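Chains as they are written, first to last, in our numbering: chain V, 741 to 1199; chain Y, 161 to 623; chain A, 484 to 729.
Ideal Cβ positions, reconstructed from N, Cα and C, are used throughout, including at glycine.
All values derive from a computational prediction rather than experimental measurement.
In what follows, a structure is listed as structure tokens, so that the remarks can point back to it.
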Amino acid sequence: MTFSIARKEFQDTWRDGRFRWAAAIVLLLLGVSFLLARQQVEHQRNEREDATKMERDNWLNQGQKNAHAAAHYGVYVFKPVAPLSVFDRGLQPFVGNTVYLEAHRQNQAAFLPAQDATSMRRFGDLTAAACLQLLLPLLIILLAFGTLAGERESGTLRQVLSLGVRPASLVFGKALGLGGALALLLLPAAAGGAYALSGISGMDAAGEESALRLCLMACAYLLYLGAILVICITVSALAPTSRSALSILLVFWAANAVLAPRLASDLAQWSHPTPKMADLDADLLEARKQALNSHNPNSEAMKEFIEKNRDASGKLPANFRALLMQESERQTNLVYEKHFGGIWDLMEDQDKVVTWAGLAAPLLGLRSASVALAGTDFTHHRHFSIAAEKHRREFIRMLNNSHGASGRELWEKLPPFRYQPPSLSQAVSTAMPGLIILCLWLAGGCAALYVASRRLKPS
Amino acid sequence: MSTHIFLLELRMMARERAAWLLLALFAGALSYGYWNGHQLAKRNSEAAETALQGSEELQRKIREHLSSPGKAIPVGGRGGIAMVGFLAQLPPAPLPVLATGQSDLVPASETVSLMRLTTPVSTRSEIENPSHLLAGRFDLAFVLIWLYPLFLLAFLYDLMAGDRETGTLRLALSQGISPAGWLCRRTLARAFPVVALALAATLLAGSDGYGTRLGAALAVILLYGLFWATLAVAINAVSNSAAGAATSLGAAWVAIVLVAPTLLNLAAESLYPTPSRPELVAASRQASGEAEKLGDQLLDSFYKEHPELAPPDKRADYVAMKLTEQEEVARSVAPVLEKFDKQLLRQQQTVGRWRFVSPAIVAHEALTDIAGTGYWRHRAFRGQVKAFKHAISDFYTPKAHRREPLVLADVDKMPQFTFQEEPKSDWLARVSTGLGGMLAFSAVIGCWALLSLRPRRLGAAIG
Amino acid sequence: MLETANLTKRFNDHAAVNNLTLKIGAGEIFALLGPNGAGKTTTINLLLGFLTPDSGEARVDGSNVASDPIAARRKIAYIPEQVMLYPRFTGIENLDYFSSLGGRKRSRAELLELLVGAGLAEESAIRRVSTYSKGMRQKVGIALALATEAKALLLDEPTSGLDPAASHEFSQLLRKLADDGVAVLMATHDLFRAREDSTRIGILRDGELAGNYTAEELKNVDLEQLYLEHLAADPALSEGKTESQK
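Below you can see the structure in the form of structure tokens.
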């Protein structure tokens, strides 16, 4: 019986002109977003590769200079573009993509793409993720708001129930049928996505992982859309009229898609406030002053270090300068680890608040999972920043241990920066809270649907 | 008579509990948006104040030091002016509470030092979680551009369709009133509370003076509301049911507020792809590396061209060398930078040219322009910072080359950054053009509505 | 007062009203009988200007309806079959609203008088219309018609769904209006009321006036039989003569 109802609902949906039009528009937007995103990612990858090559040449051809001068000359590294950003750009426009590695100072990633964008940036991006997160739920609402309320109004519900159909079979049959129609719609979307991903060259070791990440992302989106579908049918079953069902669902959509992201951000900021830049700068400056600095011979820390390294006869060791550089770097690194690490921890705590706010708005759970799996979330950015810093320390250590050497031979000793993104298991563990929230929403939605079926009134 | 009908329509609306709930929600959203904007404005203003205090303190210290007899500050060397950072600060926006715009994304200050005029580092701004930048701000502009139409449509989606379904439309129109006239009175009454709240919030946000800006902001809210009201009338005129009207209006909101701006951004980025910062950085570094290699050669040829700047003992000086290299880098990177800047400008000009496809874009651009947090004010700031860098270079470079220290007499001649606001006529022209476009769009829809409400066309639906 | 001259209205190939010529003078009550789909409501819509005729014309007090429907509606009072009102408004407020739309503002006392005059109890008049029965809503409709002070009244199935007492009340009001010189066109299925209240009866079949009789002519005639005979589409009956008159 459930399957007959599902089949009828499926056929009915495909014959509905509104569904065909709306589906065509959503598919068109998805297609456009995939095509353009693929072009953009390919373009950005080529750009970064060219810039990386140029910068490597700059480093190798910087000529004769002493190691310390080279340490101040520094090296730029550029963040690679995550392949799955064709689906979900996530934080990419809002985090820096260039890190300057130099002596004595840890720099944050600079040059946010959003700062070089038009004022339309604040309206968001037309990505596949945005289409699936915002537009497809509207399509589901359009299909499902009248599925039971409308039948009640037209009198067909009374007729169906009078035939002895169990209400639970009816509602779950409708859910299956509508879900089937939507799933069919998602097939071209998935094909488009696979095509977009396949076109991006240089997948390297992350290639297979990208396919697995994509599958997990698809699961997350299916959980989300499934939850939306069962919620819509529940509301349709319980609302007195189809008009009130539509109103309730549109309010839910607006609250979920428009209000929740911003309110959750404000909540996170309130619960874990970020410090002012001026205060952070002042703290950092003070901490650096206290720390050992080879350019500040009069500091207390320098005097202490000199005293500590004098031998019994009061002489300083032959490699004192190298020891000084090393210790100076170590102390500066600790200062930055504490400060930046503190800020990064704060941001991750804020992100956790937003994710768990997904218990009130499923979109927040989905976004968290989606960006984590796409590799465009803050955890991935932090991972890159830490990798860049590790490379910087290696580069400084290499220069500090150069023992007076200089020139291309020395510069070649520094390996090029090769970034390995976090593994799939790391990404999954970050995405897990979001996935759990989506499962809760789907389970809760199904439970609510079952309860609604028990209370289904024919008129 | 019209006033009497208007009051009766208001009374009818007042009898609906849902109406009060919606108005309370809208008032709540406006209040929250206002408060959020106020907090951000306060933060930015405090940051600017702190930075300016630091700058004033620096100036005071320099003056104090140079006031002592015989005291001078060298340009190069330890404690020299070459490494001192001079502040270029964008003053707080005129109406920051109205719209956050770019003020949480783009830095409002830059520290300019003689030795780092061409170093490609980004300037500092307040610490923002990128996830929050992605989600967007719940400010007054968000409420006015995104939520205001939703609340208006909640009151206007069933202007006529419901009456048609129940039969009151027939009775109403049989009294001898034109359908358009009846619908307009009803629309006016139903839109009035929402529009009044939006105008009140705008007034509050603009209460710091700036009469023209406030007037312009009120005009934006009024005309934006007019657009949505006209659209609601037109959709109601052709819809057979309230649910149909609600669906069509919802789709229109999605298309105008959500999809059109992202499509326009996509189009601007596709037509004029954003140039690569990494490539710009790498090009600067290459130029810098090449200039460094030229070393003494560069300095020699510089002094040949500018003998008046040659130092007395003709010896190479580190600062002079670096400044010459810097100039060489600036010269070779200038075309790349210009291309970069032009591309970004073309993108924004595309947005400006095509903003009329969506009143939401027009309203957003207008509100951020009026608030002083939009693209153009920040662009003007970046241009003036560039000029300030030239002024710093023009003032200190000759001293560096001639090894002339800074003395008390120089203090009043030291370049200071003072931001010149855009002439009123410039931003007003942009806003007025946008509003004109929005009005024209509303007029087209209004004509469509009137045609749909002709007795010949409407009669069949009523009969 | 109410006139149609060769009025025709087609929907696709079907003539809903075909060459209809009617003349209803002041004080006349003309009952237009006909089955569902005969064209009664279409005729009313044409007289209200909700539809534009394909040929012929409709006039209200000399004004051509098609050329200025708004002006024509101001001369007509109309009571639909279902008088739908705004449920959150009281009877007085509904009357105030609708009569204001027609450009007629009245004081609360006047509105109350009109409602009571139409047969609605005062305590009902100040209650919300969501509590009203069909008859009570119809009384508001009548009060509205009285408020317009129009010289022509169009009624669409006015007694449908009314109990005999309410129906009788309605008749009395109708006669009073006619006595005041109002021209009344009443589209109805109710043969009993048609015979009791009207001064003339027309029988509409497939958009055409198949029969047009005065009350005098129908004094001793079985109206139901006559009605059914007209509907049987017998050409001999198309000139409007009764069997007994042949």
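Requested in this report: May I ask which residues mark the beginning and end of the beta strand (DSSP E) holding VAL667 (chain A)?
Outcome: Taken as a continuous stretch (DSSP letters only), the beta strand (DSSP E) holding VAL667 (chain A) covers 666 to 671.
Query raised in the report: Between which two residues does the beta strand (DSSP E) harbouring ASN495 (chain A) extend?
Result: Counting along the chain, ASN495 (chain A) falls outside any beta strand (DSSP E), and DSSP gives it neither H nor E.
Query raised in the report: Cβ atoms of SER1146 (chain V) and ALA807 (chain V): under 8 Å apart, would you say?
Result: yes
Query raised in the report: Which same chain residues, not among the five before or five after PRO471 (chain Y), have their C-beta less than 8 Å away from its C-beta?
Result: These residues qualify, in order along the chain: ASP477, ALA480, HIS561, ARG562, ARG563.
Query raised in the report: In the segment 970 to 1003 of chain V, which residue ranges form an unbroken alpha helix (DSSP H) of at least 4 residues, counting only runs that do not cross its ends?
Result: 982 to 994
Query raised in the report: Counting only runs that start and end within the segment 220 to 276 of chain Y, where is the beta strand (DSSP E) found for 3 or more residues in a row?
Result: 245 to 249, 269 to 273
Query - Nearest residue (CA-CA) to GLY864 (chain V), options V:MET1138, V:GLN1160, V:LEU831 - result: V:LEU831
Requested in this report: Look at the alpha carbon of GLU699 (chain A) and the alpha carbon of ASN396 (chain Y), and state the distance between them as a whole number of angstroms.
Outcome: 50 Å
Query raised in the report: For SER650 (chain A), is the beta carbon positioned less than 7 Å from some heavy atom of the ligand SAH?
Result: Absence of the ligand SAH is noted for the structure shown, with no ligands found whatsoever.
Query raised in the report: What does a CB cutoff of less than 7 Å around GLY508 (chain A) pick up in its chain, not counting 5 residues either side in sequence?
Result: MET484, ALA666
**Report entry** Boundaries (first-last residue) of the beta strand (DSSP E) holding THR697 (chain A)
**Finding:** 691 to 697
Query - Proximity test, Cβ basis, 8 Å: ASP1051 (chain V) and chain Y - result: no
Query raised in the report: Between the beta-carbon of ARG373 (chain Y) and the beta-carbon of LEU200 (chain Y), is there less than 8 Å?
Result: no
**Report entry** Buried versus exposed call for ALA945 (chain V) [16 or more other C-beta atoms within 10 Å across all chains shown]
**Finding:** In this prediction, ALA945 (chain V) has a pLDDT of 40, which is less than 50 and means its spatial position is unreliable; what the coordinates show is noted afterwards. That one is exposed.
Query - Cβ of TRP608 (chain Y) within 8 Å of any chain A Cβ - result: Not an interface residue.
Query raised in the report: Can you tell me the Cα-Cα spacing of HIS164 (chain Y) and LEU170 (chain Y), whole angstroms?
Result: 10 Å
Query - CB contact flag (ASP1085 (chain V), ARG437 (chain Y), <8 Å) - result: no
Query raised in the report: For the putative contact between LEU531 (chain A) and ILE559 (chain A), defined by C-beta atoms under 8 Å, what is the C-beta separation to the nearest angstrom?
Result: 7 Å
Query raised in the report: Under the rule that 16 or more other beta-carbon atoms within 10 Å means buried, what is TYR556 (chain Y), buried or exposed?
Result: buried
Query - Cutoff 8 Å: LEU250 (chain Y) Cβ touching any chain A Cβ - result: no
Report task. Along the beta strand (DSSP E) that carries GLU842 (chain V), what are the first and last residues, could you check? Result -> 838 to 842
Requested in this report: Look up PHE851 (chain V) in the DSSP assignment and say whether it is helix, strand or coil.
Outcome: coil
Requested in this report: Examine chain Y for any beta-carbon lying closer than 8 Å to the beta-carbon of ARG760 (chain V), and answer yes or no.
Outcome: With 8 Å as the cut-off, ARG760 (chain V) does not count as an interface residue toward chain Y.
Query raised in the report: Where does ASN786 (chain V) fall in DSSP's three states?
Result: helix
**Report entry** Those residues which DSSP pairs with GLY685 (chain A) across a bridge
**Finding:** A:LEU515, A:ASN695
Report task. Could you work out which residues of chain Y lie near LEU568 (chain A), taking near to mean beta carbons separated by less than 7 Å? Result -> Correct list: THR328.
Query raised in the report: How is GLY322 (chain Y) classed by DSSP in three states: helix, strand or coil?
Result: helix
Report task. With a 10 Å radius around its C-beta and 16 neighbouring C-beta atoms as the bar for buried, classify THR510 (chain Y) as buried or exposed. Result -> buried
Requested in this report: Determine contact between the segment 384 to 403 of chain Y and the segment 302 to 319 of chain Y, defined as no fewer than three beta-carbon pairs at a distance below 8 Å.
Outcome: yes
Query raised in the report: Would ILE1126 (chain V) count as contacting chain C if we go by Cβ distances under 8 Å?
Result: No chain C is part of this structure, whose protein chains are labelled V, Y and A.
Query raised in the report: Taking the continuous beta strand (DSSP E) assigned at ASP639 (chain A), which residues delimit it?
Result: 635 to 639
Requested in this report: Closer than 8 Å by C-beta to ALA420 (chain Y): which residues in its own chain qualify, once you throw out the five before and the five after it? Chain order, please.
Outcome: Hits under 8 Å: VAL517, SER518, ALA520, ILE521.
Report task. Would you mind reading off the limits of the alpha helix (DSSP H) that contains TYR478 (chain Y)? Result -> 478 to 514
Report task. For TYR308 (chain Y), I'd like the list of residues in its chain whose CB is within less than 6 Å of its CB, leaving aside the five on either flank, ordered along the chain. Result -> ALA358
**Report entry** Proximity winner among Y:ALA207, Y:PHE315, Y:ALA301, relative to SER269 (chain Y) (alpha-carbon distances)
**Finding:** Y:ALA207
Query raised in the report: What residues in its chain sit with their C-beta under 7 Å from that of ALA314 (chain Y), if we drop five residues either side in the sequence?
Result: LEU182
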